[in-house]
Structures are given as C-alpha cells and as structure tokens.
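Take a look at the structure set out below.
Protein chains: 2
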Amino acid sequence: MRDQTNHSESAETPERVLARYMSERGLKSTRQRSLVLSTFFHAGGHLNVEELLARIREVDPKVSAATVYRTMKLLTESGIAHARHFGDGQTRFEIASEHHDHLICTSCGTIVEFEDDKIEALQLEVARRHGFTVTDHKMELYGRCGACAEKARSA
Amino acid sequence: MRDQTNHSESAETPERVLARYMSERGLKSTRQRSLVLSTFFHAGGHLNVEELLARIREVDPKVSAATVYRTMKLLTESGIAHARHFGDGQTRFEIASEHHDHLICTSCGTIVEFEDDKIEALQLEVARRHGFTVTDHKMELYGRCGACAEKARSA
DNA sequence: TTCCTTGCAAACACTTTGCAAGGCC
DNA sequence: GGCCTTGCAAAGTGTTTGCAAGGAA
Numbered sequence: 001m002r003d004q005t006n007h008s009e010s011a012e013t014p015e016r017v018l019a020r021y022m023s024e025r026g027l028k029s030t031r032q033r034s035l036v037l038s039t040f041f042h043a044g045g046h047l048n049v050e051e052l053l054a055r056i057r058e059v060d061p062k063v064s065a066a067t068v069y070r071t072m073k074l075l076t077e078s079g080i081a082h083a084r085h086f087g088d089g090q091t092r093f094e095i096a097s098e099h100h101d102h103l104i105c106t107s108c109g110t111i112v113e114f115e116d117d118k119i120e121a122l123q124l125e126v127a128r129r130h131g132f133t134v135t136d137h138k139m140e141l142y143g144r145c146g147a148c149a150e151k152a153r154s155a
Numbered sequence: 156m157r158d159q160t161n162h163s164e165s166a167e168t169p170e171r172v173l174a175r176y177m178s179e180r181g182l183k184s185t186r187q188r189s190l191v192l193s194t195f196f197h198a199g200g201h202l203n204v205e206e207l208l209a210r211i212r213e214v215d216p217k218v219s220a221a222t223v224y225r226t227m228k229l230l231t232e233s234g235i236a237h238a239r240h241f242g243d244g245q246t247r248f249e250i251a252s253e254h255h256d257h258l259i260c261t262s263c264g265t266i267v268e269f270e271d272d273k274i275e276a277l278q279l280e281v282a283r284r285h286g287f288t289v290t291d292h293k294m295e296l297y298g299r300c301g302a303c304a305e306k307a308r309s310a
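Protein sequence lines correspond, in order, to chains R and A. According to the working numbering, the first sequence is numbered sequentially starting from 1. According to the working numbering, the second sequence is numbered sequentially starting from 156.
Written out as structure tokens, the structure is:
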C-alpha cells in the first residue's frame, strides 16, 4: 500500500509501471492481475505462491494458481518484484523497490532486514574487479539473535 | 569457520570426517559413497546432482541418482558439503571448508568465486548492531559478466 | 547373520503449459 | 471481433521414498 520513496507527482506507482509494461507489449489489465498486484503489495513481500494464493482467494476464491504464477512472472519481468529462492524449495517474492538483506536466527527463525550502503558499494567494487556489472544481489547472514544467545546463556 | 589449509598430522580429511560421522551412527562405508565423495572433491564444487552423476557414471555407470542425492545429504549433514540454491531451481553443492561468495552471470550462468575481508568485517559489524552473532553467511551478486556484456555490445 | 545400502520406479512438491471458454479493448 | 487471459487438468522439473535384492561388518 504505502511506500517510502514518494516523489510528489512524478511517483511511479507499481500500478503505473505494470500498466506501461503491459501496454508496451499488448498485454491486458484484468481483474485477476490487479488483485494479484494489490495483494502482493499489501502483504509486503516474502510470500510464496501458496500464501499469496490463499490471501487472494479470500477476495476471489476462483483465482487459479496458474494465474498467480503467470502474474508473478509478469511482475518479475517488469521489475516490480524479485523472485528469491531460500532453502525450502519454493519461490518467494519481494517488492523490488524494498530490497534489503537479511539476518536470520538459526535458532528461532527470526528474520531481521537491513541495508548497508558501505557493503553495497564494496559489492560493486568487487564485481567491477571481476568485469561484472551487478544488477541484483542477495546477502543473508545466519547466526544467533540476542534473545536466543541470552536464553542459551541462562540454560 | 575460516581457514582450512592442511596442517600436516592434524589434517582432518573429508574422508576421516565422513568416516567418523558414519561410524558414530552405524552407517556403512560403500563403494558408491566413496565414489560420490571423491568425485565431489575432485570436481571442486558448484555441481548439481545431474553434473555430479554424469562424472560419477564415467567411473561406474550403474550408480543411481537416488544414491547421489542420499550421499550428498549425508555430506551436508556431516558438515562436509553445503547445499546452495541459486536461481535455477536446482541444488548445487560446495565444499564446506572452501566457503566463498559468488558472482553469477544471469546471461551465461558463469559463477565466479570471491572473498572480501572488508565486506565480511562489515557484515559482522552490521550483525553486532542488531545483537546477532553470525556463524555463516551467503552472498551472491547477480549481473552480467564481461564476456556477455561484450557480446551484447557487438550484437 | 544382521541390518544398512542400492537401484529402480513410483511418489512428491512446485511450477509450467495446452486448450477451450471467457473477457478486455 | 480479435486476440489476450483464465481455469482446469495434464505435463514437466527436481528431489524423495518404498521396496526387494545386494553388500558391509
């Protein structure tokens, strides 16, 4: 729903990005596609198709999984969403404009999101040294969160 | 979890690690398991099951995919290998003692390994700020490699 | 001899695709 | 009306599992 980087009137809403992407290649706007888009944004990311579909069906029970897969592919290709693969064999999607990295507690599963400009700058630097042009990245730090370390200490 | 160069007599070879892991739980050493292990190490990592199986079958054509899956699970559980999921829907394995980060060309699939101490230091720093103690991490940079950028330019 | 391991094929989970009906422009 | 999109079911992937035969200890 709401977003962080609002530039007054020049705001590029996901709806607008998608609309342009579709009209550029003769694709059509449909009730299902709008529903997938709004559900995805309302949920805020990290959902897999199954979870997304469940929420979508609260509104329209007849939407099929195939449509969700097809629409998420569209969102991915148009740059609105990013597909991520964690270890669980499913694809999860995140809002492209809200990319961040993750701290994951291997003990309780807590996921903390973060962003670090210095690290990102160094990533570009490393890539450049290898002749790469980076378009995306993924960084996950695994370990123990403060609460779990605390629990382990008193146990 | 850094540094694993060979220290003469105290060397913990993968064979030894695996042997201990298996004997601790009554598992047996077999021709197939040894073959999977040696092939995996000889290849140096980043192989998926299909590729691994192809190399294994050059030696013993009768080894089944199931055995490779089962053995790689064993190697993963014993801490000898790490399972990694890149964007292609398959599981790739790497040698646990040779952890590094990856640059992945989204055009040709090339994987380049790298390590950057400055980035790793900053990762620990970020984690500390969030109260986390990091034990492992994963970082992948996606983009276009030099060769593919070249090709795109001349096309 | 005991019980683990193997190869095979079937089962699985997730995702993609062919097709006829339906819907947007 | 033309052509894209949908839902369904079938087909594809990559991976796991049940089972009977084979093999290590």
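Backbone N, C-alpha and C fix where the C-beta goes; we use that ideal spot for every residue, glycine too. Treat the numbers as computed from the prediction; the structure is a model and nothing was measured.
Buried or exposed: which applies to residue i, given that a residue is buried once 16 or more other Cβ atoms fall within 10 Å of its Cβ?
i         : result
R/Pro-14  : buried
A/Arg-186 : exposed
R/Gly-143 : buried
R/Thr-5   : In this prediction, R/Thr-5 has a pLDDT of 45, which is less than 50 and means its spatial position is unreliable; what the coordinates show is noted afterwards. With fewer than 16 Cβ atoms within 10 Å of its Cβ, R/Thr-5 is classed as exposed.
A/His-292 : buried
A/Ile-235 : buried
A/Gly-200 : buried
R/Thr-135 : exposed
R/Ile-111 : exposed
A/Glu-280 : exposed
R/Arg-84  : buried
Do you know offhand how far residue i's Cα is from residue j's?
i         : j         : result
R/Ile-95  : A/Arg-308 : 30 angstroms
A/Asp-243 : R/Gly-146 : 34 angstroms
R/Thr-91  : A/Glu-232 : 24 angstroms
R/Arg-128 : A/His-255 : 17 angstroms
R/Arg-97  : A/Ala-221 : The sequence as given places Ser at residue 97 of chain R; Arg does not occur at that position. Cα to Cα, the separation comes out at about 41 angstroms.
R/Val-59  : R/Lys-73  : 21 angstroms
A/Ser-193 : A/Cys-263 : 28 angstroms
A/Tyr-176 : A/Arg-188 : 13 angstroms
A/Thr-261 : A/Lys-306 : 14 angstroms
A/Glu-275 : A/His-237 : 19 angstroms
A/Glu-295 : A/Leu-258 : 6 angstroms
R/Ala-40  : A/Leu-173 : Reading off the sequence, residue 40 of chain R comes out as Phe, not Ala. Their Cα atoms are separated by approximately 45 angstroms.
R/Leu-53  : R/Val-36  : 8 angstroms
Please look up how many angstroms separate the CB atoms of residue i and residue j, rounded, as I've assumed it's under 8 angstroms.
i         : j         : result
R/His-130 : A/Phe-269 : 7 angstroms
A/Arg-212 : A/Val-218 : 6 angstroms
With DSSP as the reference, identify every bridge partner of residue i, one or two as the case may be.
i         : result
A/Arg-322 : Absent from the model: residue 322 of chain A. The displayed extent of chain A is 156 to 310, so no value can be given.
A/Gly-298 : R/Val-134, A/Cys-260
R/Ala-83  : R/Phe-93
R/Leu-47  : R/Phe-93
A/Ile-266 : A/Ile-259
Would you say the beta carbon of residue i is closer than 8 angstroms to some non-hydrogen atom of the ligand FMN?
i         : result
A/Phe-287 : Here there are no bound small molecules, and the ligand FMN is not part of this structure.
Check whether the segment 193 to 212 of chain A touches the segment 270 to 283 of chain A, taking contact to mean three or more Cβ pairs, one atom from each stretch, closer than 8 angstroms.
no
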